[in-house]
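Visitor: In full-length UniProt numbering, the protein residues as written are 1 to 491.
Please read through the structure below; I'll follow up with questions.
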Ligand code: HEM
C-alpha cells in the first residue's frame with residue numbers, strides 16, 4: 001500500500017475514533033467564538049505561528065471572553081486582567097479546577113499538586129505551602145539556601161575568567177539546587193553527573209512542552225498519541241526523573257529520624273506514617289513522587305528562564321544594568337552578600353525585575369483551569385468541567401496598564417518619586433486559588449541571584465546591543481528566550 005494511502009486511512013480511522021469518544025458537551029451558553037468544524041474544531045482558523053497568536057487574533061473579533069474549540073473540546077479564553085480577575089478571584093472556588101496539559105497528562109495522571117483536583121489538590125497544596133514556609137522557622141530558611149547557592153555560583157563563574165558562556169546551564173543549576181535543597185535536603189555540585197543528567201532531562205522536557213508539536217498535540221492527543229513524537233520523549237524523561245526521586249525516597253525512608261525531619265520528603269513520610277490507617281489519605285507513594293516531580297517541573301525552568309531573559313535584557317540595555325549596579329553599590333556595597341531585606345531599599349532594581357518578568361511573559365497562556373460546577377459568567381453559562389485558559393500575556397501586555405507594553409521600560413513600575421509602583425495587571429504568577437505556590441520563593445530567587453551576580457560581575461556580549469534579538473525561541477505553554485552567549489567579567 002502506498003504511504004499516502006496508508007496515512008489517509010490512518011487519519012480517517014483516527015478521526016472516527018475521536019468521533020466515538022465522549023467529550024464534555026457544551027450544554028450551556030458558551031461565550032462566542034469562531035465557528036468550529038466537527039472534530040477538527042477551529043483547527044483551520046488557527047495561525048501557523050501557534051495558539052497564542054491565534055487567540056490574540058480571535059480576541060480582536062470576539063472581545064475579552066470567547067470560546068475556541070481545540071479539536072473537539074471547547075475552551076473558554078479569558079483575556080485582560082479584568083476578565084481574569086472576575087473569574088479566578090471573584091469566583092475563586094468555581095474556577096479553581098485544574099485542566100490537563102495533554103502532552104504531560106499521561107505522566108502525571110492527576111497526581112501531584114500542579115495537576116491534582118478536589119480534596120487531593122487541597123491536601124497537597126496545604127502540605128507543600130506549610131512545609132516550605134516552615135523552612136523559615138528553626139531550620140535553615142529558604143532565603144539562607146538561596147544566598148548560599150548565589151555564592152556558589154559566584155565562585156563557579158569566577159573560574160571562567162570572563163570567557164564567553166551560554167548562561168542556561170548555570171541558571172538551571174542554581175534554580176534546580178534550590179528545589180533539591182527543599183525537597184532532598186541537599187544541593188548538588190555543578191559537575192555532579194547525576195545532577196547534570198537531571199538538568200538535561202528537565203530542560204529538554206520543558207522545551208518540548210513549549211514546542212509547536214505540543215500545541216498540536218493539545219488539539220489531537222487522542223489520535224496523535226498512537227504515533228511517535230515529542231510526547232514519548234517527554235514521558236521517557238519524566239519517568240526517568242520519577243525513578244530518581246523514587247530512589248531518593250527509599251534512602252530517606254531508611255535514614256528517617258521522626259524527631260527531626262530535614263526536608264520535604266522526610267516531612268511527607270511522617271505524614272504518611274501518621275495517616276497510614278486512613279484508607280482515603282492522599283499521603284501515598286504516588287502523590288509523593290508526583291508532588292516532588294511537580295515542584296521540580298514548576299519551580300526550576302520557570303525561574304531559570306526568567307533569569308535567562310533578565311540577563312539578555314541587561315545585555316541589550318546596558319544602561320539599566322549600570323543603574324542597578326549603582327543601587328547595589330549604594331545600598332549593599334561591594335562585599336556584603338545581598339539579603340532579602342535590601343529589596344525594600346532598592347526600588348529601581350525591584351522595578352527592573354518586575355519589568356523582566358513582564359517581558360519574559362513566561363507562561364503566556366497560564367496553566368489550564370476547569371470550572372468545578374455549572375457557572376454564570378458575564379451573561380454566559382459555562383458547564384461544569386469546561387476548560388478555561390487565563391491568557392496572562394494579555395494582562396502583562398495591556399496598553400491600559402503599561403504605557404508602552406512592547407518596550408522594556410522599568411519606569412512601568414516606578415512612580416514620579418522613584419518608588420516602586422504596583423500595577424494590578426502584573427500577574428505573571430496568575431491569581432486566585434491556583435496562584436503560583438512558589439511565588440515567594442521565585443521572587444526571592446530572582447532578587448538574590450540577580451543582585452549577587454551584578455554585585456560581582458559586569459556583563460558583556462559579543463553582539464552589539466542594538467543587534468540583540470529578543471524574539472522567543474519557542475512560544476507555547478512556555479515562552480523561551482533565544483539562545484545567547486555572555487561574558488561575566490569579575491568586577
Ligand atoms: C518566575 C518564576 C515562576 C513563575 C512565573 C510561575 C508562574 C506560575 C503560574 C502562572 C502558575 C499557574 C497558576 C494558575 O494555575 O493559574 C504556577 C503554578 C505553580 N507554581 Fe509557579 N511560577 C514560578 C516559580 C515557581 C517556583 C519556584 C515554584 C516552587 C517552589 C513554583 C511552584 C508552582 C506550583 C506547585 C504551581 C501549581 C499550583 C496549583 O496548581 O495549586 N513556581 N506558577
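Note that the Cβ used here is the ideal one computed from N, Cα and C, for glycine as well.
Using 8 angstroms as the cut-off, can you tell me whether the stretch 76 to 95 makes contact with the stretch 255 to 274, which would need three or more C-beta pairs spanning the two stretches below that distance?
Guide: Remark: fewer than three beta-carbon pairs, one from each stretch, lie closer than 8 angstroms, so the stretch 76 to 95 and the stretch 255 to 274 are not flagged as touching.
Visitor: Does DSSP put residue 369 in a helix, in a strand, or in coil?
Guide: strand
Visitor: Determine the DSSP secondary structure at residue 486, reduced to helix, strand or coil.
Guide: If DSSP states are grouped into helix, strand and coil, residue 486 belongs with the strands.
Visitor: Along the chain, where does the alpha helix (DSSP H) that runs through residue 62 open and close?
Guide: 51 to 62
Visitor: Between residue 367 and the ligand HEM, is the CB less than 6 angstroms from at least one heavy atom?
Guide: yes
Visitor: Only counting the same chain, and skipping five residues up and downstream in sequence, which positions put a Cβ closer than 6 angstroms to that of residue 428?
Guide: 357
Visitor: What did DSSP end up calling residue 69 once you bin it into helix, strand or coil?
Guide: strand
Visitor: Where does residue 427 sit, in a helix, a strand or coil, going by DSSP?
Guide: coil
Visitor: Can you tell me whether residue 256 is helix, strand or coil according to DSSP?
Guide: coil
Visitor: For residue 377, report the span of its beta strand (DSSP E) as first-last.
Guide: 375 to 377
Visitor: Over what stretch of residues does the beta strand (DSSP E) that includes residue 390 continue unbroken?
Guide: 387 to 391
Visitor: Quick check: the Cα distance between residue 481 and residue 308, rounded to an integer number of angstroms?
Guide: 7 angstroms
Visitor: What does the Cβ neighbour count give for residue 557, buried or exposed, with the cut at 16 atoms within 10 Å?
Guide: Limits of the chain in this structure are 1 at one end and 491 at the other, which puts residue 557 out of reach.
Visitor: Measure the alpha-carbon distance for residue 232 versus residue 225 and round it to whole angstroms.
Guide: 8 angstroms
Visitor: Taking the Cβ atom as the reference point for each residue, do residue 184 and residue 141 lie within a distance shorter than 7 angstroms?
Guide: no
Visitor: Compare the C-alpha of residue 405 against each of 425, 386, 389 and name the closest.
Guide: Ranked by Cα distance from residue 405, the first of 425, 386, 389 is 425.
Visitor: How is residue 417 classed by DSSP in three states: helix, strand or coil?
Guide: coil
Visitor: Residue 306 to residue 277, Cα distance in whole Å?
Guide: 44 angstroms
Visitor: So which of 311, 420, 242 has the shortest CA-CA distance to residue 287?
Guide: 242
Visitor: I'd like the list of long-range same chain contacts for residue 451, defined as Cβ closer than 8 angstroms, with 5 residues on each side in sequence excluded.
Guide: 324, 328, 332, 338, 342, 346, 349
Visitor: For residue 460, list the residues DSSP reports as bridge partners.
Guide: Looking at the DSSP assignment, residue 460 forms a beta bridge with 487.
Visitor: Assuming residue 65 contacts residue 386 under a Cβ cut-off of 8 angstroms, what Cβ separation, rounded to an integer in Å, is found between them?
Guide: Not quite, the Cβ-Cβ distance comes to about 12 angstroms (not below 8 angstroms), so this is no contact.
Visitor: Could you compute how far the alpha carbon of residue 134 sits from the alpha carbon of residue 128?
Guide: 10 angstroms
Visitor: Just to confirm, is the Cβ distance from residue 96 to residue 433 under 7 angstroms?
Guide: yes
Visitor: For residue 190, which residues from the same chain have a beta carbon less than 7 angstroms from its beta carbon, with the 5 sequence-adjacent residues on both sides left out?
Guide: 156, 173
Visitor: Have a look at 382, 199, 114 and flag the residue whose alpha-carbon is nearest the alpha-carbon of residue 300.
Guide: When 382, 199, 114 are compared, the shortest CA-CA separation from residue 300 is found for 199.
Visitor: How many Å lie between residue 484 and residue 454 at the Cα?
Guide: Between residue 484 and residue 454, the alpha-carbon positions lie close to 18 angstroms from each other.
Visitor: Assuming residue 381 is part of the beta strand (DSSP E), what are its boundary residues?
Guide: 380 to 382
Visitor: Look at residue 487 and residue 460 and say whether their C-beta atoms are less than 7 angstroms apart.
Guide: yes
Visitor: Give me the residue from 310, 370, 417 with the minimum Cα distance to residue 382.
Guide: 370
Visitor: Applying the 10 Å Cβ sphere with the 16-neighbour rule, what's the burial state of residue 214?
Guide: By the 10 Å Cβ count, residue 214 comes out buried.
Visitor: Take residue 205 as the anchor and find which of 50, 103, 444, 51 has the nearest alpha-carbon.
Guide: The shortest CA-to-CA distance from residue 205 to any of 50, 103, 444, 51 is the one to 103.
Visitor: State whether the stretch 30 to 39 contacts the stretch 55 to 73, with contact taken as three or more CB pairs (one from each stretch) at a distance under 8 angstroms.
Guide: yes
Visitor: In chain order, what are the residue ranges of uninterrupted alpha helix (DSSP H) at least 4 long that sit wholly in the stretch 94 to 153?
Guide: Entirely contained in the stretch 94 to 153, the alpha helix (DSSP H) runs reaching 4 residues are, in chain order, 105 to 108, 118 to 134.
Visitor: Label residue 282 either buried or exposed according to how many other C-beta atoms from any shown protein chain fall within 10 Å of its C-beta, with 16 as the threshold for buried.
Guide: buried
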